Each structure stands twice: as structure tokens, then as C-alpha cells.
Amino acid sequence: MQIIFLLLLLMASSYGYAQNYTQSFEPLPVSIIDETKNVALIALGKKLYLDPRLSIDDTISCNSCHQLDNFGVDNQPTSPGHDGRRGGRNAPTTFNAALQIAQFWDGRARNVEEQALSQILNPIEMGMANEEAVISKLKKIDEYQTMFAEAFKDEKDPIQYKNIGKAIGAFERTLITPSRFDDFLRGDENALNAAEKRGLKKFVYMRCSNCHHGIAIGGNSYKKIGLFEPYETSDLGRYEVTGLEADKGVFKVPGLRNVAKTAPYFHDGSVATLDEAIKKMARYQLGRDVDPSFIKDVKAFLGSLTSKQ
């Protein structure tokens, strides 16, 4: 099978296919928020992101599950909340999340601002009773009185629940992580090594890029998990948002930036290694059995998506 695959790849190259294998992707923009104009808002958002006082018992912050020093994840299948209970889905990275079409595996939040606010009131996660309880808590903290006033200068009462989301969202929009692959997309042929280039070609030729494309290398569509072979899961996915029968087992396609650092994988966090994730995705989504050399090369390419910083 590997010999046939390589022959097909060579044939594609001779017809100009391989020369265009980067057309499905876009390099990251330098920035997606004016950091100079929004310096006070971003500073407030970062403080809120790191502050466990947004939880009912002062133990859980956004950073507990989406760790800034760990590529925006906690590397756990599912994350523990304020009382030790765990949610039913893997916590995705917040890095580059603002580039995606929606937030959460089922897309129930339109943007990072909505996502941040929903976690604070989630009974399993941060556990605050209601918006009023959150605002009452923050208004008793002098530093927040000052920081909200600076970030929302035109508002008489700046400590409002919606403004928490605006601030955290502004901070998350700074979590953009350029990689060597972006250098390659901008024309630096030496940014990737030979194995990474082979992996990129195989990734595209196997049609992985049909779902994982664009700026975030995914994150811009919804797909059913188990297109060619049923994937066993009790999670109804996007059906819980839309109520449409066709959305049962449908999830947002994850972005692949920093994927080599964000294990475990899939919505349920059941896949421990990137090797296994590549193998299972080929099987469940593409109906293909791939050999070790395919996995090795594609894994090498995916490693080039890791942040340079």
C-alpha cells in the first residue's frame, strides 16, 4: 500500500499538485487586536483569566484548565472543577481560539467572550451562582475598581458582567502563536525540514486538509465523528445545541496549531498520543489504514505547527 501511495504522490507532483499543497492554509496575521489601543482592557483580561476568585471557592481560574505556560491546556482527558467533579469533554486550548468560528466542541458560544462568561457560571467548573454574585465579589476588590475604570472609561458603572467577557476575550485575542509553518507559508522553504515537508504533502494528499485548513488549520467547520466507521460515544455533540437529528455526533473540527503539545485528543480526551490520533482520524474520518511511515511524517509536519515562542 505504501508503494502505491508514494507512486500516486509522485504522479501528483508531476502534474503540479504538490507545488500547490499549501493552498489550503493561511499564515497567522501579526495581530487580531490593537494591543496599543486596548492595553488597559487586555491587562484587565489577563488578570481576570488568572484569578481564581472568579470561582465560588477561590480555587479555579480560566488558567486552571487553559494554562498559559502549557500551550493553553492542562493535558488531562477532562478537567476538574471547583468541587473536583469533571466535565464530559476535553478542554480545548485557548491559544488561537479566537480565530475559530465558534467556541466549545459543540459551538454553543459564538466567540471567546461568550465562552469565558459561560464557564464562570457553570456549576461543574467555576460554580458561581449568578452574574450578580460575580459582580458583588469583584466590586469588593480595590484593584478591580481601578482596572475596570481604566478599561471602560466611558461607563459610569464599568464593573458589569458583560465587561468581564469583553476583557478576557481581548486578552485571549493576543494568544496568537506563530510557528515555523507560518514562515514556510510566507516563502521560507528552509523553515521545514525534509520529513515535515513529506508530512505536509501526505497530509494534503490524504485529504486531511479537507477539514483541517485555513488560518487555524481547522476550527472553521463541523463534522460528524466516524464518517467511515462508527465512533463509539454517548456524547450527542452539536445536537445538544441545534436539536437537529443530523447533528448527532457532530463536533467542531479542532484547530491543529500546537497540536503536538495539547494531548490528549478528541472531544472525550480518550486518545493519549498524537500517533494514535493520526491513525484513528485516518480510519474513522477517511476510511484509510495508514502505516508507520505515514504517521511519522504527518506527525513531523504537525510538530511544525508548534509556537516558536
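Going left to right, the sequence shown walks through residues -18 to -1, 1 to 291 as mature numbering (1 follows the signal peptide of the UniProt record, and there is no 0) numbers them.
Backbone N, C-alpha and C fix where the C-beta goes; we use that ideal spot for every residue, glycine too.
This structure is a prediction, so every number in the text was calculated from the model and none was measured.
{"query": "Beta-carbon proximity list for Asp16, same chain, < 7 angstroms, skipping 5 on both sides", "result": "none"}
{"query": "Presumed contact (8 angstroms Cβ cut-off) between Val232 and Gly151, rounded CB distance", "result": "That belief does not hold up - the Cβ atoms of Val232 and Gly151 are roughly 25 angstroms apart, past 8 angstroms."}
{"query": "Residue burial classification, Thr128 (beta-carbon count within 10 angstroms, cutoff 16)", "result": "exposed"}
{"query": "7 angstroms CB neighbourhood of Ile42 in its chain, flanking five on each side removed", "result": "Pro34, Gly63, His64, Glu107 and Met108"}
{"query": "Beta bridge counterpart(s) of Gln49 as assigned by DSSP", "result": "Val55"}
{"query": "Environment of Asn20 [buried if 16+ CB atoms lie within 10 Å]", "result": "buried"}
{"query": "Per DSSP, cross-strand counterpart(s) of Gln85", "result": "Ala91"}
{"query": "Presumed contact (8 angstroms Cβ cut-off) between Ser286 and Leu174, rounded CB distance", "result": "5 angstroms"}
{"query": "Rounded straight-line distance, which links the Cα of Gly251 to that of Gly147", "result": "27 angstroms"}
{"query": "Where Val253 falls: helix, strand or coil (DSSP)", "result": "strand"}
{"query": "Opening and closing residue of the beta strand (DSSP E) in which Lys119 lies", "result": "That residue, Lys119, is in no beta strand (DSSP E); its alpha helix (DSSP H) goes Glu113 to Lys121."}
{"query": "Beta strand (DSSP E) runs wholly inside the region 202 to 242, at least 3 long, in chain order", "result": "204 to 206 and 232 to 234"}
{"query": "Pro62 in three-state terms, based on DSSP", "result": "strand"}
{"query": "Burial state of Val12, where buried means 16 or more other Cβ atoms lie within 10 Å", "result": "exposed"}
{"query": "Spatial neighbours of Lys234 in its chain, beta-carbon cut-off 8 angstroms, leaving aside the 5 residues before and after", "result": "Gln82, Ile83, Ala84, Phe86, Trp87, Asp88, Gly89, Gly201, Ser203, Tyr204 and Arg220"}
{"query": "Inter-residue spacing [alpha-carbon to alpha-carbon] between Leu32 and Thr156", "result": "15 angstroms"}
{"query": "Limits of the unbroken alpha helix (DSSP H) element including Phe276", "result": "Pro274 to Gly285"}
{"query": "Distance, Arg189 Cα to Leu(-13) Cα", "result": "Confidence at Leu(-13) is low in this model, with a pLDDT of 47, below 50, so the placement of that residue is unreliable and no value is reported for it."}
{"query": "Integer-rounded CB distance, given that Asn78 should sit under 8 angstroms from residue 331", "result": "Any question about residue 331 goes unanswered here, given that the chain covers just -18 to 291."}
{"query": "Alpha-carbon spacing of Pro59 relative to Leu256, whole angstroms", "result": "14 angstroms"}
{"query": "Extent of the continuous alpha helix (DSSP H) to which Leu182 belongs", "result": "Ala176 to Tyr187"}
{"query": "Expected contact under 8 angstroms - CB spacing of Tyr213 and Tyr266 to nearest Å", "result": "5 angstroms"}
{"query": "Under the three-state DSSP convention, the category Gly200 falls into", "result": "coil"}
{"query": "Member of Asp40, Thr288 and Gln49 whose CA lies at the smallest distance from the CA of Leu120", "result": "Asp40"}
{"query": "DSSP state of Arg168 mapped onto helix, strand, coil", "result": "coil"}
{"query": "Cut-off 8 angstroms between Cβ atoms - residues of its own chain near Ile(-15), not counting five sequence neighbours on either side", "result": "Model confidence at Ile(-15) stands at a pLDDT of 49, short of 50, so the residue's coordinates are unreliable and nothing is read from them."}
{"query": "9 angstroms Cβ cutoff met for Lys281 and Gly181", "result": "yes"}
{"query": "First and last residue of the uninterrupted alpha helix (DSSP H) at Phe153", "result": "Tyr143 to Glu154"}
{"query": "Spatial distance of Asp217 from Glu171 (CA atoms)", "result": "42 angstroms"}
{"query": "Span of the alpha helix (DSSP H), counted from its first residue to its last, around Val21", "result": "Val21 to Leu32"}
{"query": "DSSP three-state assignment for Tyr3, whether helix, strand or coil", "result": "coil"}
{"query": "Per-residue DSSP class, three states only, for Ser289", "result": "strand"}
{"query": "Residues near Phe276 by beta carbon distance below 7 angstroms, same chain, minus five either side", "result": "Lys184"}
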